[in-house]
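Colleague: First, the structure itself, so that you have it in front of you.
Residue numbers (full-length UniProt numbering): 1 to 318.
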C-alpha cells in the first residue's frame with residue numbers, strides 16, 4: 001500500500017511483523033482484536049505524509065507475527081516486553097504511542113512499566129482501568145455481566161475457536177466490525193454471532209471494503225484466532241502479575257478518543273469513570289477526552305480523518 005515497508009524483527013524471543021512508512025519522530029500504533037497492523041492503514045499513510053515515522057506491528061499471536069501456543073505466553077509482561085524490544089530496535093529513545101482496543105490495554109501496561117519510553121499516549125476506545133486489589137477480572141465480569149459476556153465466553157481454550165469455525169473467519173470479522181449494539185457484548189451459547197444468513201445480508205460500511213475484509217480473513221484463516229483469544233485468557237494471570245502496581249498512577253500525557261456508540265464506552269459505569277473524575281485521578285496528565293458522535297468502536301477506521309486530526313493536534317505539542 002503506497003510505499004508501506006514490511007519487515008520481520010526479532011523481539012523478546014519471537015519474530016514480529018512490522019509495517020512502517022515515513023521518516024521523523026516515531027508514532028507506534030497498536031491494534032486490537034480481531035485486527036492486525038492493517039487497522040492502521042489510514043494512519044500510516046497520513047502520519048508518514050505529516051513527517052512522522054509510522055510503525056504498526058502485528059502484536060504477538062496476530063497476523064504474521066509468531067503465535068506461541070501457551071496461554072501463559074500472552075501476559076502483559078510478555079507483550080510489553082515485545083514492544084520494549086521493538087522500540088529498542090528503532091534507534092530512538094522515545095515514541096508517541098497510539099493504540100486501540102486490546103492494543104490500548106497493552107499501551108496502558110507499557111506506560112505503567114516503561115514510562116521513560118513514551119512521549120505521549122493517545123488511547124482509542126479503552127481508558128485506563130486500575131487493578132482491583134481483591135477481585136480477579138473474570139470473576140468480576142461473571143458477577144457483573146454473566147457467563148455469556150464475551151470475555152467470559154473466550155476463556156475455555158478451543159471452545160470459541162470451534163464456534164468461530166462454524167461461521168468462518170470472514171463472517172465473524174464482518175459481524176464484529178459492523179455491530180453497533182451498545183453496552184457489554186453478549187455471545188449467546190447458541191448462535192453466538194447470530195444467523196449466518198443475516199450476517200451475509202449485512203452491507204459493509206463505507207469505511208470497510210470487501211478487499212479489507214478479504215485481507216483480514218486471509219490472515220485469520222491461515223493463522224487462526226487462538227493468539228488473539230489468549231490475551232483474554234491471560235487476564236487473571238495479568239492480575240496476579242501486576243499486584244506490585246496496585247494503586248499506581250499513569251504519569252504520561254494522554255488523550256482519550258471514543259465514539260459515543262462504542263460498546264466499551266456504553267458499558268455500565270464506564271462513562272461515569274471517564275467523565276466523573278476517576279480517570280483523571282488515575283491518569284493525572286490526562287489532557288482531553290474526545291467523544292465523537294455517531295461513531296462506534298472501530299473509530300480509527302470509521303472516522304479516520306477526524307481521528308488523525310485529533311491525534312496530530314495532540315502529539316505536535318511535544
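Glycine residues also receive a C-beta, built at the ideal position from the N, C-alpha and C atoms.
Since the model is a prediction, treat every value here as computed from it, not as a measurement.
Under three-state DSSP, which class holds residue 117?
Modeller: Three-state result, residue 117: helix.
Colleague: Starting from the C-beta of residue 233, find all residues in its chain whose C-beta is less than 8 Å away, skip the five residues before and the five after it, and write them out in chain order.
Modeller: Here the set comprises 71, 74, 154, 155 and 157.
Colleague: Going by DSSP, what residue range makes up the alpha helix (DSSP H) through residue 8?
Modeller: Where residue 8 is concerned, there is no enclosing alpha helix (DSSP H), although the beta strand (DSSP E) it sits in stretches over 5-11.
Colleague: If we call anything under 7 Å between Cβ atoms a contact, is residue 47 one with residue 54?
Modeller: Yes. Within cutoff.
Colleague: Which of the three DSSP states is assigned to residue 90 in this structure?
Modeller: It is coil, neither helix nor strand.
Colleague: Which residues in the same chain as residue 152 place their Cβ atom closer than 6 Å to its Cβ, once the five residues preceding and following it in sequence are excluded?
Modeller: Contacts found: 141 and 142.
Colleague: Measuring only the C-alpha atoms, how far is residue 93 from residue 148?
Modeller: So the alpha carbons of these two residues sit roughly 43 Å apart.
Colleague: From the DSSP output, which residues share a beta bridge with residue 274?
Modeller: According to DSSP, residue 274 bridges with nothing at all.
Colleague: With a threshold of 16 other CB atoms inside 10 Å of the CB of residue 1, please say whether the residue is buried or exposed.
Modeller: Exposed.
Colleague: Measuring CA to CA, which of 267, 259 and 287 is closest to residue 296?
Modeller: It is 259.
Colleague: So residue 196 packs on residue 165, CB below 8 Å; how close in whole Å?
Modeller: Contact doesn't hold; Cβ gap of about 12 Å is too wide.
Colleague: Beta-carbon within less than 7 Å of residue 202's beta-carbon, same chain only, minus the 5 sequence neighbours each way: which residues are those?
Modeller: Cβ within range, chain order: 174 and 178.
Colleague: Mind checking which residues open and close the beta strand (DSSP E) that includes residue 21?
Modeller: Run containing residue 21: 14-21, per the beta strand (DSSP E) assignment.
Colleague: With the cut-off set at 7 Å, would you say residue 102 and residue 32 are in Cβ contact?
Modeller: Yes. Within cutoff.
Colleague: Using a threshold of 7 Å, state whether the C-beta atoms of residue 300 and residue 307 are closer than that.
Modeller: Contact flag set, yes.
Colleague: Identify which residue in 184, 206, 169 and 213 has its Cα closest to the Cα of residue 144.
Modeller: Selected option, being the one with the closest Cα: 184.
Colleague: Secondary structure at residue 240, three-state DSSP: helix, strand or coil?
Modeller: Helix at residue 240.
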